[in-house]
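First comes the structure, then the notes that go with it.
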Amino acid sequence: MAGTVHFRTCNLCEAMCGLRVTVEDNRVVDIRGDRDDVFSRGHICPKGPAMRELQEDPDRLRFPMRRTHSGFARMSWDEALSEAAERLAALQREHGPDSVGMYLGNPAAHGHGAILGANLLGMALGTKSRFDSNSQDANPRIYAALEMYGDATSLTIPDIDHTEYFLVFGANPAASNGSIMSLGDVRGRLAGVRERGGKFILFDPRKTETVAYADEHHFIRPGADAALILGMLHVIFEENLHDPRAIADIADGLSELRAVAARFSPERIAGPTGVPADVVRRIAREFARAPRAVAYGRMGVSTSAFGPLGSFLVDALNVVTGHFDRPGGAMFTTPAVDVVRVARILGMGGHGRFRSRVRGLPEVGGNLPATTMAEEMETPGPGQLRGLVTVAGNPVLSVPNGERIAKALSKLDFMVSVDIYLNETTRNAHLVLPPRYALERSHYDLLFHSLAVRNTTKWSAPVIEPPPDTKEDAEILVGLAARLLGKRLTPGPLGAVAEKLVGLLNQLGTDGLLDVLLRVGPHGDKFLPFSKGLNLEKLKKAEHGVDLGPLQPMHRARVRTRTGKVRLAPPAILADVPRLERFLDEASAAGLVLIGRRHLRSNNSWMHNVPSLVKGPDRSTLLVHPTDAERLGLSSGARVRVRSRVGEVVVGLTVTEDVMPGVVSLPHGHGHAAAADTLRVAGNVPGVNANAITDDLHVEPLTGTAILNGVPVTVEAL
1 MAGTVHFRTC NLCEAMCGLR VTVEDNRVVD IRGDRDDVFS RGHICPKGPA MRELQEDPDR
61 LRFPMRRTHS GFARMSWDEA LSEAAERLAA LQREHGPDSV GMYLGNPAAH GHGAILGANL
121 LGMALGTKSR FDSNSQDANP RIYAALEMYG DATSLTIPDI DHTEYFLVFG ANPAASNGSI
181 MSLGDVRGRL AGVRERGGKF ILFDPRKTET VAYADEHHFI RPGADAALIL GMLHVIFEEN
241 LHDPRAIADI ADGLSELRAV AARFSPERIA GPTGVPADVV RRIAREFARA PRAVAYGRMG
301 VSTSAFGPLG SFLVDALNVV TGHFDRPGGA MFTTPAVDVV RVARILGMGG HGRFRSRVRG
361 LPEVGGNLPA TTMAEEMETP GPGQLRGLVT VAGNPVLSVP NGERIAKALS KLDFMVSVDI
421 YLNETTRNAH LVLPPRYALE RSHYDLLFHS LAVRNTTKWS APVIEPPPDT KEDAEILVGL
481 AARLLGKRLT PGPLGAVAEK LVGLLNQLGT DGLLDVLLRV GPHGDKFLPF SKGLNLEKLK
541 KAEHGVDLGP LQPMHRARVR TRTGKVRLAP PAILADVPRL ERFLDEASAA GLVLIGRRHL
601 RSNNSWMHNV PSLVKGPDRS TLLVHPTDAE RLGLSSGARV RVRSRVGEVV VGLTVTEDVM
661 PGVVSLPHGH GHAAAADTLR VAGNVPGVNA NAITDDLHVE PLTGTAILNG VPVTVEAL
């Protein structure tokens, strides 16, 4: 094929797949997998080639827009940034710094410019009213790491390339491409476990796409993962399948954890979890005896009623069985950029340093739970949220009780959105500031290299010349931050640090700052003239990326507790065990509960305006087990009403044995009818907003994370 070939990293999920992009006359004509990419080895999913359609989407915004009585009208960048800064500053002068909030969506994490710029803008605002998408799915995992290892960034990653026993709770990497487990060449790596003679066990309330790669799949009641793991630990302790001396060398609290596990025999948990006692005992023995094994839990665990406890227990199981910080087990990464140090500079590692105004829920990593957004906007009084900045986020579709959020957004005094679309959220903004699309700017994954199953690094150059009078996301965010700082509303050390960082970014640019971070990182050249270490110039020459090797044992550098040891009995987390016991006692009386599901051609609420990614049958149907359908008098193809405490939706029904009895499943992120005039493809795709029936008051208590898996619902025929 004629044209210029570029090699680039896909930024549409955590997998960081390498792309081979062919460009003719400044238009993308072909996208396929890069077979020489050091991480993904040629694999891509349908989202990668769809970047061409995203680039050319006629609904994508290119220039700043102001909302008027007759719709949105174009304005200049200088006018837009100045007006945004002035109106935000005016609110803070009159009502205090916390009267202006910020919501950071998932796409902002997929690039160095947005993630650096957004955090600088948050510092410039000086507000505690900060929210992000982590509070929908990741905060329990982050908080568990903070309690166990003394550092919220110390997230263990499965060494899937070398494991011989892969034990998975509530994760579907075949559809997600990995989450807090960046998994280039996902199919090859999942299949590789069995190809090496290993074993792959999966617990999930639904037979997901990942079941195709597993030796065994077992249904489990939503929210019961913590009880199941305690049942496994019960067996391991009871049968002495652990090494107390080896554990004592790296961890404290073993006796306390053992005492807790003693209350959860496999026989006690079998009924409430749905997992037979003999299965619990067998898998516990197999896992403990396997030479190289790793337990991994993700969305189903993290978004359950016991997210922090379950996430902690997944890691505790690895530690107790000797599968922590060893090849084939749960390990830490050594990325080219020291994300741990960057996170500390940006203040992203705490918990409970302040709480939300209305409900008193704790911050995690400097951000409050998004479940508090609506009440913070609605409730009068000092600190009421009156202004909002959203960055690449759509909380109306991605946060529980989305209808409540939509109503609250429409009443804000001022809202500005940094986004490429007019969607269900940004249509409420007074100003919309669209950044250039990904192919028009350089790219580096600051975050996801630090969460990958192998240490690699790759920088991507722009492949498309951007239209004139457009700006990168970092230019927009840093430009707005600079204007706010010029108004001297953020006094003290925070404002001073923000001013220095803004000056540094303006001087170096995002790639210049990236070069500094690479050079001072663990693989960097340390600014030594003849060093073989990394710098940006070397990365630019490595168009397929640089392989930095497999994960290495390094827990002594990553465990930052007072004693230097892993905490196996963090009091705050174990204090939630009595609530788990009540959950088990009441499980028999539970009715239908709702869980979500992912699709390979989607990522949460975005990418639904791309024809190739939304074609085919309706994906937004309710899955119901045949026994429940028969009891309720329902059949496949029928339209049903699904009700919860906060709302209802009407959807099509699919009767299937792919979900366990008592569980129904509806995908999240759909329901774009309200934006049909500005998202002309997405607005005409069948689907409903699952977050119209998830509950913003139904949260787990330690982090305030919404319980998205295990929502009590009723289902009835129309």
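Position one of the sequence shown corresponds to residue 1 (UniProt numbering), numbered consecutively onward.
Note that the Cβ used here is the ideal one computed from N, Cα and C, for glycine as well.
### Task
Kindly indicate the opening and closing residues of the beta strand (DSSP E) around V391.
Counting along the chain, the beta strand (DSSP E) containing V391 begins and ends at G387 to V391.
### Query
Within this structure, are the beta carbons of L397 and N428 separated by less than 8 Å?
no
### Query
For T4, which beta-bridge partners are listed by DSSP?
Beta-bridge pairing links T4 to V23.
#### Entry: Whole-angstrom distance between F169 and N177, CA atom to CA atom
15 Å
### Query
From the DSSP output, which residues share a beta bridge with residue 754?
Nothing in the structure corresponds to residue 754, since the chain is present only between 1 and 718.
### Message
Rounded to whole angstroms, what is the Cα-Cα separation between K407 and A569?
### Response
For K407 and A569, the distance between alpha carbons rounds to 43 Å.
### Task
Go through its chain and collect everything with a Cβ distance to R67's Cβ below 7 Å, but skip five positions before and after it.
A429 and H430
#### Entry: K199 (DSSP reduced to helix, strand or coil)
strand
### Straight-line Cα distance separating T303 from A50
29 Å
#### Entry: Residue-level contact to chain D via CB, N535, 8 Å cutoff
Protein chains in the displayed structure number just one, and chain D is not present.
### Query
With a Cβ-Cβ cutoff of 8 Å, do L190 and T208 count as a contact?
At least 8 Å separates the beta-carbon of L190 from that of T208.
### Nonlocal neighbours in the same chain, by C-beta distance under 6 Å from A145, ignoring five residues either side
A152, S154 and L155
### Query
Which parts of the region 390 to 416 are runs of the alpha helix (DSSP H), unbroken and 4 residues or longer, counting only runs that do not cross its ends?
Listed in chain order, the alpha helix (DSSP H) elements of length 4 or more contained wholly in the region 390 to 416 are 395 to 398 and 402 to 409.
### Query
Where does residue 719 fall in DSSP's three states?
Because the chain in this structure spans residues 1 to 718, residue 719 falls outside the shown range and cannot be described.
### Simplified DSSP assignment, three categories, for M123
Of the three classes helix, strand and coil, the one that applies to M123 here is helix, per DSSP.
### Query
Residues in its own chain within less than 6 Å of P276 by CB, not counting five upstream and five downstream?
Non-local beta-carbon contacts of P276 in its own chain, meaning distances under 6 Å to residues more than five positions away in sequence, involve A270 in chain order.
#### Entry: Cβ-based burial, D677 [other Cβ within 10 Å; buried from 16]
By the Cβ neighbour-count rule, D677 is exposed, with fewer than 16 other Cβ atoms within 10 Å of its own.
#### Entry: Inter-residue Cα distance where the pair is L592 and G126
44 Å
### Query
What runs of the beta strand (DSSP E), each 3 residues or longer, lie entirely inside the region 301 to 370?
351 to 355 and 362 to 364
#### Entry: Length of the line joining the Cα atoms of E79 and R597
42 Å
#### Entry: CB of L518 within 8 Å of CB of V301, strictly
No; because the gap between Cβ atoms is not below 8 Å, this pair is not in contact.
### Query
Any contact of the region 217 to 237 with the region 673 to 692, i.e. 3+ C-beta pairs under 8 Å?
no
### Query
Which of the three DSSP states, helix, strand or coil, is assigned to V279?
helix
### Cβ-Cβ separation, P140 to P308 (assumed contact under 8 Å), whole Å
So it is a contact: roughly 4 Å between Cβ atoms.
### Query
Smallest Cα separation from P712: which of L718, G704, V699 and T703?
Checked all of L718, G704, V699 and T703; the closest Cα to P712 is V699.
### Task
Measure how close the beta-carbons of D159 and P327 come, nearest whole angstrom, since I'm counting them as under 8 Å.
6 Å
#### Entry: Separation of V28 from F200, as counted between CA atoms
40 Å
### Task
Starting from T714, follow the beta strand (DSSP E) in both directions and report where the run begins and ends.
T714 to A717
### Query
Thinking C-alpha only, which one of A557, E53, Y421 and T621 is nearest G687?
Answer by Cα proximity: T621.
### Message
Tell me the rounded alpha-carbon separation between V640 and L718.
### Response
5 Å
### Message
Using a 10 Å radius around the Cβ and a threshold of 16 neighbouring Cβ atoms, would you call G704 buried or exposed?
### Response
Buried.
### Residues that I180 bridges to, as DSSP identifies them
Note: I180 sits in no beta bridge, so no partner.
### Query
Which runs of the alpha helix (DSSP H) fall wholly inside the region 67 to 111 and span at least 4 residues, in chain order?
77 to 95
### Query
Identify the residues that DSSP records as bridge partners of T457: which are they?
Within the DSSP bridge table, the entry for T457 names V546 as partners.
### Query
How about R353 and A85: are their beta carbons less than 8 Å apart?
no
### Message
Alpha carbons only, please: which of D445, L116, N506 and I142 is nearest the one belonging to L346?
### Response
Measuring from the Cα of L346, the nearest candidate turns out to be L116.
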